[in-house]
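Asker: Attaching a single structure in structure tokens format; questions to follow.
There are 2 protein chains.
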Amino acid sequence: MEKINKLAIVGGTHGNEFTGIYLVKKFEKFPDLISRTNFETNTLLANPKAFELVRRYVDTDLNRCFKAEYLEKDTNLNYEQSRARFINQMLGPKGNPKFDFILDLHTTTANMGLTIVLVNNHPFNLKMVAYLSSFEPDLKVYSWINPGVENSFVNSICECSLGIEVGPIAPGTLQADLFQKTEKLVQRSLDFIEQFNEGKLHHINRDIVVYKHLKVVDYPKNKHGEITAMIHPELQGRDYQKLNPGAPIFLTFDGETICYDEESSVWPVFINEVAYYEKGIAFCLTKQEIINHG
Amino acid sequence: MEKINKLAIVGGTHGNEFTGIYLVKKFEKFPDLISRTNFETNTLLANPKAFELVRRYVDTDLNRCFKAEYLEKDTNLNYEQSRARFINQMLGPKGNPKFDFILDLHTTTANMGLTIVLVNNHPFNLKMVAYLSSFEPDLKVYSWINPGVENSFVNSICECSLGIEVGPIAPGTLQADLFQKTEKLVQRSLDFIEQFNEGKLHHINRDIVVYKHLKVVDYPKNKHGEITAMIHPELQGRDYQKLNPGAPIFLTFDGETICYDEESSVWPVFINEVAYYEKGIAFCLTKQEIINHG
Numbered sequence: 002m003e004k005i006n007k008l009a010i011v012g013g014t015h016g017n018e019f020t021g022i023y024l025v026k027k028f029e030k031f032p033d034l035i036s037r038t039n040f041e042t043n044t045l046l047a048n049p050k051a052f053e054l055v056r057r058y059v060d061t062d063l064n065r066c067f068k069a070e071y072l073e074k075d076t077n078l079n080y081e082q083s084r085a086r087f088i089n090q091m092l093g094p095k096g097n098p099k100f101d102f103i104l105d106l107h108t109t110t111a112n113m114g115l116t117i118v119l120v121n122n123h124p125f126n127l128k129m130v131a132y133l134s135s136f137e138p139d140l141k142v143y144s145w146i147n148p149g150v151e152n153s154f155v156n157s158i159c160e161c162s163l164g165i166e167v168g169p170i171a172p173g174t175l176q177a178d179l180f181q182k183t184e185k186l187v188q189r190s191l192d193f194i195e196q197f198n199e200g201k202l203h204h205i206n207r208d209i210v211v212y213k214h215l216k217v218v219d220y221p222k223n224k225h226g227e228i229t230a231m232i233h234p235e236l237q238g239r240d241y242q243k244l245n246p247g248a249p250i251f252l253t254f255d256g257e258t259i260c261y262d263e264e265s266s267v268w269p270v271f272i273n274e275v276a277y278y279e280k281g282i283a284f285c286l287t288k289q290e291i292i293n294h295g
Numbered sequence: 002m003e004k005i006n007k008l009a010i011v012g013g014t015h016g017n018e019f020t021g022i023y024l025v026k027k028f029e030k031f032p033d034l035i036s037r038t039n040f041e042t043n044t045l046l047a048n049p050k051a052f053e054l055v056r057r058y059v060d061t062d063l064n065r066c067f068k069a070e071y072l073e074k075d076t077n078l079n080y081e082q083s084r085a086r087f088i089n090q091m092l093g094p095k096g097n098p099k100f101d102f103i104l105d106l107h108t109t110t111a112n113m114g115l116t117i118v119l120v121n122n123h124p125f126n127l128k129m130v131a132y133l134s135s136f137e138p139d140l141k142v143y144s145w146i147n148p149g150v151e152n153s154f155v156n157s158i159c160e161c162s163l164g165i166e167v168g169p170i171a172p173g174t175l176q177a178d179l180f181q182k183t184e185k186l187v188q189r190s191l192d193f194i195e196q197f198n199e200g201k202l203h204h205i206n207r208d209i210v211v212y213k214h215l216k217v218v219d220y221p222k223n224k225h226g227e228i229t230a231m232i233h234p235e236l237q238g239r240d241y242q243k244l245n246p247g248a249p250i251f252l253t254f255d256g257e258t259i260c261y262d263e264e265s266s267v268w269p270v271f272i273n274e275v276a277y278y279e280k281g282i283a284f285c286l287t288k289q290e291i292i293n294h295g
């Protein structure tokens, strides 16, 4: 990557995640906020129909539609599949995109604060994260990479891309503090790219703490597929905190505590994310690693 | 009211408010938890189709369908209108009900802790609130009565009834601590009724702090009806806290602060409730009053 020429800020990939949607609307009203000297910035409201309905999606999760095999399909497409094709034509095509960078804005009901989600380890992305961390010491980095599995997020169209998650916040609502934090992180991201394009960023040398995805954990369920437990009060809200073997993870409706029974400590994230109930994810387990991006 | 013979615990009047729904499921699995010596307790999952879809409602808000004029209509009913008629036939009819008491379980994204919502000032309800407050000092009481306007909530079927709201929690999720608090309040409510039926409760004499509904406040909007501001960070989460003239209430997307410009102090509730965006309610204003139920 020599230079970023075209960047897309995407909001509303999930139609009920208002922070990104109203930020995109703000940027469309005040384009000066996102204009920089040496590249072009565009905005995109990714799922307008879901936003109108205040739902995550209409037919299927748009942010799981960006696999090459789905994008090549052109018949019997549901709403999100056809949106994915449209977005891929506009920003992509995936693998050889017209845009050089995608910043995709999300929210979560989990207590994840301000989080960058990485979908690959491209040195440009890591450098950008190192830069952003230097301004935002509380910024967390979740590396959601399943080796050997193609990522299906909208920002996987570009090699250079970041997802932003902010929480905890209920879908369909706004919280001014989280709105402002997200806006600031977008501004810093644009500043980084402007300086990168000017060749000014040779010296970022900083340890980054990265939470690497290991696996997902589902809720306990009965034979009818209904959940039988909740996140344990001692785990609720403790995203990015070390979970040791033997620590409580679930409390059943009957009042029984279920503990984490594996042998190594892990760092859970996306604890009690509303949209993951239907995906069979109570939380994701990660491993904390320190990487130095020289 | 001499004696309560039949009581209904209603969950899932809103299909995405999981706390009440999973409590009802728990009580159906362990009926001993809600059985008492001198009255009968039934449970009802009020909006099963909305629960299946994990939405507040399918066609219209079920908890606004219980006005006599709607309940008499019997043609061209949408899903919730026909559910309301069914529930009214089962628990009611409104005004002359088969059940003597309805306890309706709700959640909110507002920071309202454990709240009792009163829809009338029946002495039995006030006595029950005084009893519950003696065990739960943090319990808040919101009296949502619009003089001269018939209430359309499910629990308005019975003169003797309470609504429980608990928050903050995102719809579609569970939080074990709020689940347990709600369960305990249900238990205490049943205990109260059991003792009342035995004639043991002559001596409740306790001041109750009640937040009486004054009016609702909508979000600032542009000419297209779109919101142009968020709850101000200084108001967010401050349900039941005194709001003085001149205090910030909204922050526009452009960064401008809008202040409360009336002459008297008020106590806001339901601040940033997700389901009230579409109803044009950013928060409700109340007046704090101390009443003594002798």
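Order-wise, the sequence lines are chains A and B.
Residue numbering for the first sequence follows our numbering, beginning at 2 and increasing consecutively.
Residue numbering for the second sequence follows our numbering, beginning at 2 and increasing consecutively.
All C-beta atoms, glycine included, are put in the ideal place defined by N, C-alpha and C.
Along chain A, which residues have their Cβ under 7 Å away from the Cβ of V275/B?
Answerer: What you label residue 275/B is simply residue 274 of the second sequence in a count that begins at 1. Per Cβ cutoff of 7 Å: A171, G173, T174.
Asker: By a C-beta neighbour count over all protein chains shown, 10 Å radius and 16 as the cutoff for buried, is T108/A buried or exposed?
Answerer: By one-based count along the first sequence, residue 108/A stands at place 107. The residue is buried, with at least 16 neighbouring Cβ atoms inside 10 Å.
Asker: Which of the residues in the segment 24 to 50 of chain B, read from start to end, lie with their CB under 7 Å from any CB of chain A?
Answerer: Listed by position, the residues of the segment 24 to 50 of chain B near chain A (Cβ gap below 7 Å) are K27.
Asker: Does chain A have any CB closer than 8 Å to the CB of T116/B?
Answerer: Translated into positions along the second sequence, residue 116/B becomes position 115. Output row for T116/B: interface = no.
Asker: Between D255/A, L244/A, G256/A, which lies nearest to C285/A when the distance is taken from Cα to Cα?
Answerer: Locating residue 285/A in the first sequence gives position 284, counting from the first residue. Cα-wise, what sits closest to C285/A is L244/A.
Asker: In three-state terms, what does DSSP make of P249/A?
Answerer: Within the first sequence, residue 249/A is the residue found at index 248, counting from 1. If DSSP states are grouped into helix, strand and coil, P249/A belongs with the strands.
Asker: Do we get a CB-CB distance below 8 Å when we pair M231/A with the residues of chain B?
Answerer: Locating residue 231/A in the first sequence gives position 230, counting from the first residue. It does; some Cβ of chain B falls within 8 Å.
Asker: Going by DSSP, which residues form a beta bridge with Q289/A?
Answerer: By 1-based counting over the first sequence, the position of residue 289/A is 288. Q289/A pairs with Y212/A.
Asker: Which residues in the same chain have their Cβ closer than 7 Å to the Cβ of L72/B, if we skip the five residues on either side of it in sequence?
Answerer: Here the question's residue 72/B lines up with position 71 in the second sequence. Excluding sequence neighbours, L72/B sits near A85, R86, N89, K95.
Asker: Classify G226/A as buried or exposed, calling it buried when 16 or more other Cβ atoms lie within 10 Å of its own Cβ.
Answerer: Taking the first sequence and counting its residues from 1, the one referred to as residue 226/A is at position 225. G226/A is exposed by the Cβ-count criterion.
Asker: Where in the segment 24 to 63 of chain A do unbroken runs of the beta strand (DSSP E), each at least 3 residues long, occur, reported from the N-terminal end onward?
Answerer: Segments of the beta strand (DSSP E) lying fully in the segment 24 to 63 of chain A: 41 to 46.
Asker: Is there at least one Cβ from chain B nearer than 8 Å to Y80/A's Cβ?
Answerer: For this step, residue 80/A is matched to residue 79 along the first sequence. Cβ-Cβ to chain B under 8 Å: no for Y80/A.
Asker: Excluding the five sequence neighbours on either side, which residues of its own chain have a C-beta within less than 6 Å of the C-beta of E160/B, listed in chain order?
Answerer: Numbered from 1 along the second sequence, position 159 holds the residue referred to as residue 160/B. The answer, listed in chain order, is H123.
Asker: Name the chain B residues whose beta carbon is nearer than 9 Å to that of D178/A?
Answerer: To locate residue 178/A, count along the first sequence from 1; it is residue 177. Simply P234, Q237.
Asker: Step through the CB atoms of chain B and report whether any lies within less than 8 Å of the CB of Y278/A.
Answerer: The residue given as residue 278/A occupies position 277 in the first sequence. True, the Cβ-Cβ gap to chain B drops below 8 Å.
Asker: According to DSSP, simplified to helix, strand and coil, what is K141/A?
Answerer: Locating residue 141/A in the first sequence gives position 140, counting from the first residue. Three-state DSSP puts K141/A in a strand.
Asker: Kindly identify the DSSP beta-bridge partner or partners of R189/B.
Answerer: Position 188 of the second sequence, counted from the first residue, corresponds to residue 189/B. According to DSSP, which records beta bridges pairwise, R189/B is partnered with nothing at all.
Asker: Compute the distance between the beta-carbons of K22/A and T42/A, then report whether it is under 8 Å.
Answerer: To locate residue 22/A, count along the first sequence from 1; it is residue 21. To locate residue 42/A, count along the first sequence from 1; it is residue 41. As written in the sequence, residue 22/A is Ile, which differs from the Lys given in the question. No. Outside cutoff.
Asker: Would you call the CB atoms of V59/B and A51/B closer than 8 Å?
Answerer: As a first step, residue 59/B must be located in the second sequence, where it is residue number 58. As a first step, residue 51/B must be located in the second sequence, where it is residue number 50. Yes, the pair counts as a contact, with Cβ atoms nearer than the cut-off.
Asker: Tell me whether F271/B is buried or exposed, calling it buried when 16 or more other Cβ atoms sit within 10 Å of its Cβ.
Answerer: Taking the first residue of the second sequence as 1, we reach residue 271/B at position 270. F271/B should be labelled buried.
Asker: Compute the Euclidean distance between the alpha carbons of L78/A and Q181/A, then round it to the nearest angstrom.
Answerer: Working through the first sequence from its first residue, we reach residue 78/A at position 77. Working through the first sequence from its first residue, we reach residue 181/A at position 180. Taking the straight line from one Cα to the other gives about 37 Å.
Asker: Could you tell me whether the Cβ of L252/B comes closer than 8 Å to any Cβ of chain E?
Answerer: Note that chain E does not occur in the displayed structure, where the protein chains are A and B.
Asker: Hey, which unbroken runs of the beta strand (DSSP E) at 3 residues or more fall wholly within the segment 124 to 176 of chain A?
Answerer: As far as the segment 124 to 176 of chain A is concerned, its whole beta strand (DSSP E) runs of at least 3 residues are 141 to 144, 162 to 168.
Asker: Would DSSP call G21/A helix, strand or coil?
Answerer: Residue numbering aside, residue 21/A sits at position 20 when the first sequence is read from its first letter. In this structure, G21/A counts as helix in the three-state DSSP scheme.
Asker: Strictly below 7 Å CB to CB, what residues from chain A border T110/B?
Answerer: Reading the second sequence from its first residue, position 109 is the one you call residue 110/B. Those within 7 Å of T110/B in chain A are A171, T174.
Asker: Got a sec? Which residues, its chain only, sit under 6 Å from F193/A by beta carbon, not counting five neighbours each side?
Answerer: Taking the first sequence and counting its residues from 1, the one referred to as residue 193/A is at position 192. Around F193/A: M129, Y132.
Asker: Could you pull the DSSP bridge partners for C260/B from this structure?
Answerer: The residue labelled residue 260/B in the question sits at position 259 within the second sequence. C260/B is bridged to P249/B.
Asker: With respect to the alpha helix (DSSP H) encompassing M91/A, which residues constitute its N-terminal and C-terminal limits?
Answerer: Position 90 of the first sequence holds residue 91/A. Unbroken alpha helix (DSSP H) run through M91/A: 80 to 92.
Asker: Between N97/B, T38/B, N64/B, which has its C-alpha nearest G12/B's C-alpha?
Answerer: Mapped onto the second sequence, residue 12/B falls at position 11. It is N64/B whose Cα lies nearest to the Cα of G12/B.
Asker: If the criterion is Cβ atoms closer than 8 Å, does the pair A177/B and I232/A meet it?
Answerer: One-based indexing of the second sequence puts residue 177/B at position 176. One-based indexing of the first sequence puts residue 232/A at position 231. Yes.
Asker: State yes or no: is the C-beta of L215/A within less than 8 Å of the C-beta of V167/A?
Answerer: Here residue 215/A refers to the residue found at position 214 of the first sequence. Here residue 167/A refers to the residue found at position 166 of the first sequence. No, the Cβ-Cβ distance between L215/A and V167/A is not below 8 Å.
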